[in-house]
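For reference, the structure is listed below as structure tokens.
In my numbering, the protein residues as written are 1 to 389.
Below you can see the structure in the form of structure tokens.
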């Protein structure tokens, strides 16, 4: 048996071929759609044509069959059990609360994180030394990790079958410096960010040192495994008003470290996409300059200028890859079926002619208008099979 995607070379179905061709920026008849994360279990069962209660018993099969019934051509983030974490009343009350999900007290390594100084103390005592050890231990020639990365994608692809292309995403395929609010909580972390910029720069630098090595391994796995040369980067750095921290500070201490962290992937010819949450317009040109080659998501209502972004190019002057989708925060939950059709038509009309996928802008939560979701599925199936005009 061949080790990577070579074993599927003569077996790709029509939808997967459409995804491959779109990633390669070929002219296609029809627009591929990407897998959607619908978090309403009964809706998953309905569209997948499984009986009530089957999702809880076999989430992987129902989640996959839902994607196939929707005609999904590709899937990067394979999270079949994610819908189990949320109900129409929000996240399951039994789920352990974290730093950004309502924990009454944040305790790390026996330290209570109750001030920006506590954040600093924890970083200096634990985080930096841990990062330094990981950097020393990381090996760009870690063939065991490369083989694991390839095999995890092969296994999922076999489960998908021939019609839906598995694209690398999580599990070791990308790394870069993150804001550590999910560890320390928003308030104390961002106060520490503002008060101690030198410490934050050191943290980003160490994160980048490790990410460079990890991304070199991931790049080799993608190339040698014959996987799609595309990876989406996902880290929320904005809200509806703009970036979570002042853009000038990102220019000084984050972007230089981010740029060098992703360079191994870029050197291997792998196109990187950025997931857009909130209003990231200030970051868009900077991300492109760092090497980002496309965008996914878009909260149009927050000021993300979709039409403008679709007209932009990479830093080398090539078209951007765009994964657009119906809005999960406005149109799908609050609009009408006519609004869904109108938004899809607008996305297609203003989207690029090549390198273009459709779907939903992010996860579709329980309580979203079911008819709107079904209308979205119908629209995706239509645009996948027809010319744009």
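Beta carbons: idealized from backbone N, C-alpha and C, even for Gly.
This structure is a prediction, so every number in the text was calculated from the model and none was measured.
Legend entry - Cβ-Cβ distance between residue 30 and residue 385 below 8 Å: yes
Inset, instruction - Could you check which residue in 287, 178, 256, 278 has the C-alpha nearest to that of residue 327? - result: 278
Legend entry - Three or more C-beta pairs below 8 Å linking the stretch 49–61 and the stretch 323–342: no
Legend entry - Euclidean distance between Cα positions of residue 261 and residue 126: 22 Å
Legend entry - Distance between beta carbons of residue 73 and residue 390, contact taken as under 8 Å: Because residue 390 is not part of the residues shown, which for the chain are 1 to 389, the question remains open.
Inset, instruction - Mind checking which residues open and close the beta strand (DSSP E) that includes residue 230? - result: 230–233
Legend entry - Through-space distance from residue 184 to residue 123, alpha-carbon basis: 10 Å
Inset, instruction - Output yes or no for whether 8 Å exceeds the beta carbon distance between residue 263 and residue 210. - result: no
Legend entry - Chain-order list of residues whose beta-carbon lies under 8 Å from that of residue 202 (same chain, five-residue window excluded): 128
Inset, instruction - With distances taken Cα to Cα, identify the nearest neighbour of residue 242 among 225, 300, 206, 97. - result: 300
Inset, instruction - May I ask you to verify whether the stretch 103–122 touches the stretch 130–144, counting CB pairs closer than 8 Å and requiring at least 3? - result: no
Legend entry - Buried or exposed (CB count within 10 angstroms, at least 16 for buried), residue 143: exposed
Inset, instruction - With a cut-off of 8 Å on the beta carbons, I'd call residue 4 and residue 154 a contact; round off their distance for me. - result: 7 Å
Inset, instruction - At 3 residues or longer, and completely inside the stretch 57–87: list those beta strand (DSSP E) runs for me, N to C. - result: none
Legend entry - Host alpha helix (DSSP H) of residue 253 (start-end): No alpha helix (DSSP H) contains residue 253, which DSSP labels as neither H nor E.
Inset, instruction - From the DSSP output, in three-state form, read off residue 166 for me. - result: strand
Legend entry - Reduced DSSP category for residue 141 - H, G, I as helix; E, B as strand; rest coil: coil
Inset, instruction - Look up residue 20 in the DSSP assignment and say whether it is helix, strand or coil. - result: helix
Legend entry - Nearest neighbour of residue 235, chosen from 247, 174, 66 [CA to CA]: 174
Legend entry - Alpha-carbon to alpha-carbon, residue 67 and residue 381: 12 Å
Inset, instruction - Report the three-state DSSP secondary structure of residue 372 (helix, strand or coil). - result: helix
Inset, instruction - Assign residue 197 to buried or exposed, taking buried as 16 or more other Cβ atoms, counted over all protein chains shown, within 10 Å of its Cβ. - result: exposed
Inset, instruction - Can you check DSSP and say which residues form a bridge with residue 275? - result: 296
Inset, instruction - Tell me whether residue 341 sits in a helix, a strand or coil according to DSSP, three-state version. - result: helix
Inset, instruction - Please go through the stretch 107–133 and give each complete alpha helix (DSSP H) segment of 4 or more residues, from N-terminal end onward. - result: 116–122
Inset, instruction - Would you mind giving the Cβ-Cβ distance between residue 245 and residue 204, rounded to the nearest angstrom? I have them listed as a contact below 8 Å. - result: Not really, about 12 Å apart at Cβ, beyond 8 Å.
Legend entry - For residue 257: DSSP bridge partner residues: Its beta-bridge partners do not exist; DSSP assigns none.
Legend entry - Contacting residues, own chain, Cβ-Cβ under 7 Å from residue 105 (five flanking each side not counted): 112
Inset, instruction - Leaving aside the five residues before and after residue 152 along the sequence, list all residues of the same chain whose C-beta is less than 7 Å from its C-beta, in chain order. - result: 171
Inset, instruction - Could you tell me the distance, in whole angstroms, from the CA atom of residue 84 to the CA atom of residue 324? - result: 25 Å
Inset, instruction - List the residues that DSSP assigns as beta-bridge partners of residue 12. - result: DSSP, once it has assigned bridges, lists no residue as partnering residue 12.
Inset, instruction - Measure the Cβ-Cβ separation of residue 228 and residue 168 and say whether it is below 8 Å. - result: yes
Inset, instruction - Pick out the complete beta strand (DSSP E) segments inside the stretch 138–223, 3 residues or longer, and give them in chain order. - result: none
Inset, instruction - Would you tell me roughly how many angstroms separate the C-alpha atoms of residue 176 and residue 388, rounded to the nearest one? - result: 37 Å
Legend entry - Residues near residue 43 in its chain [Cβ-Cβ closer than 7 Å; skip 5 each side]: 370, 373
Legend entry - C-beta contact flag for residue 322 and residue 359 at 8 Å: no
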